[in-house]
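Undergrad:
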Amino acid sequence: MAKFKKYTSFNRIVNSKTINMNSIDINCDMGESFGNYIIGNDKAIFPFITSCNIACGIHAGDPYHIEKTIDLALEHKVQIGAHPGYPDLQGFGRRVLPMPQEELASFIKYQVSALQGMVTSAGGSLNYVKPHGALYNEIASNPTVAKTVYKAIKSINPELKVMGLAGSHVEEILSDLGMQYIPEAFADRRYETNGKLRSRSLNNSVIKDANVAAEQVLSITTKSVAYSLEGNSVSIKANSFCIHGDNPEAVGILQRIDELLSENGIEKKAF
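Numbering follows our numbering, with no gaps: position 26 of the sequence shown is 29.
1. Under the rule that 16 or more other beta-carbon atoms within 10 Å means buried, what is G167, buried or exposed?
2. Have a look at L264 and N197 and give me their C-alpha separation to the nearest angstrom.
3. With DSSP as the reference, label Y184 as helix, strand or coil.
4. So for H79, helix, strand or coil by DSSP?
5. Are I52 and V220 close, meaning C-beta to C-beta below 9 angstroms?
6. Please report the straight-line C-alpha distance between R98 and E141, rounded to a whole angstrom.
7. Do the CB positions of I246 and I29 come within less than 9 angstroms of each other?
8. In chain order, what are the residue ranges of uninterrupted beta strand (DSSP E) at least 3 long that sit wholly in the stretch 67-149?
9. Can you check which of these residues, I176, N250, S178, is closest to A216 by C-alpha distance?
10. Quick one: residues in its chain with C-beta nearer than 8 angstroms to the C-beta of I69, no 5 flanking neighbours on either side, listed in chain order?
11. Does the stretch 150-165 come close enough to the stretch 70-82 that 3 or more CB-CB pairs lie under 8 angstroms?
12. Taking DSSP as the reference, what is the three-state secondary structure of K46?
13. Would you mind sorting E195 into buried or exposed? The rule is 16 or more other CB atoms within 10 Å of its CB.
14. From S36 to G94, what does the alpha carbon distance come to, in whole angstroms?
15. Which one of E78, S208, L163, V115 has the shortest CA to CA distance from L232?
16. Alpha carbon to alpha carbon, how far is F189 from A143? Give it in angstroms, no decimals.
17. Given that a residue counts as buried once 16 or more other Cβ atoms are within 10 Å of its Cβ, and exposed if not, what is D179?
18. Which whole-angstrom value is the C-beta distance of G88 and P134, which I expect to be below 8 angstroms?
19. Measuring alpha carbon to alpha carbon, tell me which of Q82, S158, K80, K240 ends up nearest F110.
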């Protein structure tokens, strides 16, 4: 692997020396099935995670599948977060949809409020919000969109934590708004040298090899470093790691992460 390279275009520069992490959170995007279309294997995934990001019925999910996912989360004592996205069912929320900021704010309020109400009705509580797909990436590169989304979330409940891409400007924006930031890294996504996620439009953007994904989690956890396809080191400090529920290898990846964390004395624990 190449030696650590400094970069300033996206990530903050942080010390890449080895750190001791006694516990990490593992989250997954879930509840994305709708109608007769089953996406992911939620039942098999729940035993391996500590937080779940539940779709809100706009980019994916419907009321029935959302409610069943909430029930599974409560059964497995998994922390619940809202997973709002662009109104893009055909594109699974992975396309940026230009819209006025006021309209975007309304869509966020609608989604988070709906999920919060359903969670409450089931006897649970909504703990955080993690924007989905293209909206997540747009927030990480566009301060205007980030502020719109975060202010909308705060208007619903200022105590809601917000999950965002580790090393991006979202930490500063959330701090200015007085909201708690959860820095997130990805188990099953490749990183570019500048710290951004490799675009899904490019080859090798999604990691399907369980060993590779688990090693990336361990490297970020213990050394605050991931590696690009070119072998360049990317500095990342994160409290939570995501595995995508629609990744066909999700269960195998989570099993291998479990094994590697156990071998290294690292506990899984919700933030």
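Cβ atoms here follow ideal geometry from the backbone N, Cα and C, with glycine treated the same way. The structure presented is a predicted model; accordingly, all values stated were derived computationally and were not measured.
TA: Considering the structure as presented:
1. To locate residue 167, count along the sequence shown from 1; it is residue 164. Classification of G167: buried, given that the 10 Å Cβ count is 16 or more.
2. Counting from one through the sequence shown, the residue named residue 264 turns up at place 261. Counting from one through the sequence shown, the residue named residue 197 turns up at place 194. Between L264 and N197, the alpha-carbon positions lie close to 27 angstroms from each other.
3. Here residue 184 refers to the residue found at position 181 of the sequence shown. If DSSP states are grouped into helix, strand and coil, Y184 belongs with the strands.
4. Translated into positions along the sequence shown, residue 79 becomes position 76. Taken through DSSP and simplified to helix, strand or coil, H79 comes out as coil.
5. Within the sequence shown, the letter at position 49 stands for residue 52. Within the sequence shown, the letter at position 217 stands for residue 220. Not a contact, by the Cβ cut-off of 9 angstroms.
6. Position 95 of the sequence shown, counted from the first residue, corresponds to residue 98. Position 138 of the sequence shown, counted from the first residue, corresponds to residue 141. A straight-line Cα-Cα distance of about 10 angstroms links R98 and E141.
7. Translated into positions along the sequence shown, residue 246 becomes position 243. Translated into positions along the sequence shown, residue 29 becomes position 26. Contact: yes.
8. Taking only runs of at least 3 residues, the beta strand (DSSP E) segments lying wholly in the stretch 67-149 are 82-86, 129-132.
9. For the purposes of this step, residue 216 is taken as residue 213 along the sequence shown, with counting starting at 1. The residue with the shortest Cα to Cα distance from A216 is N250.
10. The count along the sequence shown starts at 1 and reaches residue 69 at position 66. Around I69: G34, I57, A58, C59, G60, L118, M121.
11. With a cut-off of 8 angstroms, the stretch 150-165 and the stretch 70-82 do not count as touching, because too few Cβ pairs lie within range.
12. For the purposes of this step, residue 46 is taken as the residue at position 43 of the sequence shown. Reduced to three states, the DSSP call for K46 is helix.
13. Within the sequence shown, numbered from 1, the residue matching residue 195 stands at position 192. E195 should be labelled buried.
14. Translated into the one-based positions of the sequence shown, residue 36 becomes position 33. Translated into the one-based positions of the sequence shown, residue 94 becomes position 91. Near 14 angstroms, if we compare the C-alpha coordinates of G94 and S36.
15. Numbered from its first residue, the sequence shown carries residue 232 at position 229. Each of E78, S208, L163, V115 was checked against the Cα of L232, and the nearest Cα belongs to S208.
16. Here residue 143 is taken as the residue at index 140 of the sequence shown, counted from 1. Here residue 189 is taken as the residue at index 186 of the sequence shown, counted from 1. Answer to the nearest angstrom: the Cα atoms are 14 angstroms apart.
17. Your numbering for residue 179 matches position 176 in the sequence shown. Around the beta carbon of D179, a 10 Å sphere encloses fewer than 16 other beta carbons of the protein chains shown; the residue is thus reported as exposed.
18. The count along the sequence shown starts at 1 and reaches residue 88 at position 85. The count along the sequence shown starts at 1 and reaches residue 134 at position 131. Going by Cβ atoms, the distance from G88 to P134 rounds to 7 angstroms, so yes, they are a contact pair.
19. For this step, residue 110 is matched to residue 107 along the sequence shown. By alpha-carbon distance to F110, the top candidate from Q82, S158, K80, K240 is S158.
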